[in-house]
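Student:
So, in structure tokens, the structure goes:
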């Protein structure tokens, strides 16, 4: 592979290792493999490399291929390699967050213009858009449009994401002005939330509230860390809250899988 790049040290002489490439007619070692085969010396001046990246030059593509090939010798390969529809070398930062129960794949496009990325996932996965909390489908290859400086975050699952199980303690909630209404502090709507399945790891679940006038009540929203074992919580009702049917919705953060339950507030 020919790389048009000046050498960093034209006086370099080897005292071990193997020159895998030389610069120009002088035979100056430019790509040196250490004697153990696990060290690499790149004797190239890369002070202008940022300009090469900016204009997607052939030099950038060749240097990238050279280094990826060297790393692949010891099995160091990108788990999720990115290919762009434009054919340019991908200036995409790829970050993974993994624990025993979940895996997130994060992409940040560093170019000045939009592009579309294709990422092989290695096996069929259930893919959720974590920012929009939507299910994209079961797929072995993820194709996603990229916008400059806009992070895309995806949840990757080997099986469908579990749904939250939301249970109200009572289908009726009483006013504090009524007998049994709970004292001067107003009635309280009590509920429990858990995740279906015994082998489910804990998740963050967001509980939102719609009142009887079909208004979202963000001041009553709660975020609960829960798993198969139910977690109990509650929120108060004000004396001037409207009577009628109220709706609680539990949504798993990152997947958007949700369930709802209703209660009726008596006047």
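In our numbering, the protein residues as written are 289 to 555. For glycine and all other residues, C-beta sits at the position ideal for the given N, C-alpha and C.
According to DSSP, residue 510 sits in a beta bridge with which residue or residues?
Tutor: According to DSSP, which records beta bridges pairwise, residue 510 is partnered with 495.
Student: Can you name, in chain order, every residue of its own chain whose Cβ lies under 7 Å from the Cβ of residue 441, other than the five neighbours on each side?
Tutor: For residue 441, where only same-chain residues beyond five positions count, the Cβ hits under 7 Å are 392, 394, 418, 419.
Student: Between which two residues does the beta strand (DSSP E) containing residue 456 stretch?
Tutor: 452-456 is the extent of the beta strand (DSSP E) around residue 456.
Student: Do the region 521-538 and the region 489-503 touch if we need at least three Cβ pairs shorter than 8 Å?
Tutor: Because the criterion of three Cβ pairs below 8 Å is met, the region 521-538 and the region 489-503 touch.
Student: Can you name the start and end residues of the alpha helix (DSSP H) that residue 352 belongs to?
Tutor: Run containing residue 352: 346-360, per the alpha helix (DSSP H) assignment.
Student: Under three-state DSSP, which class holds residue 338?
Tutor: Helix at residue 338.
Student: Quick one: does residue 390 have its CB under 8 Å from some CB of chain B?
Tutor: Of the chains in the structure shown, none is chain B; there is only one protein chain.
Student: If I measure Cβ to Cβ from residue 494 and keep anything under 6 Å in the same chain, skipping five residues before and after, which residues do I get?
Tutor: Within the same chain, residue 494 has close Cβ partners 511, 539, 541.
Student: Which word fits residue 431, buried or exposed, when buried means at least 16 other C-beta atoms lie within 10 angstroms of its C-beta?
Tutor: Classification of residue 431: exposed, given that the 10 Å Cβ count is below 16.
Student: Given that a residue counts as buried once 16 or more other Cβ atoms are within 10 Å of its Cβ, and exposed if not, what is residue 552?
Tutor: Exposed is the call here.
Student: Closer than 8 Å is the cut-off here; do at least three beta carbon pairs connect the region 373-380 with the region 317-330?
Tutor: In short, these stretches do not touch, since the Cβ pair count stays below three.
Student: What residue range is occupied by the uninterrupted beta strand (DSSP E) comprising residue 317?
Tutor: Segment 316-321, the beta strand (DSSP E) holding residue 317.
Student: Please report the distance separating the alpha-carbon of residue 445 from that of residue 353.
Tutor: If you take the alpha carbons of residue 445 and residue 353, they lie about 31 Å apart.
Student: Quick check on DSSP: helix, strand or coil for residue 421?
Tutor: Correct three-state label for residue 421: coil.
Student: Name the DSSP bridge partner or partners of residue 309?
Tutor: Note: residue 309 sits in a beta bridge opposite 319.
Student: So residue 394 is in the beta strand (DSSP E); what residue range does that whole segment cover?
Tutor: Element bounds for residue 394: 391-397.
Student: Within its chain, find whatever has a CB closer than 8 Å to the CB of residue 369; leave out the 5 residues flanking it on each side and keep chain order.
Tutor: Answer for residue 369: 407, 408, listed in chain order.
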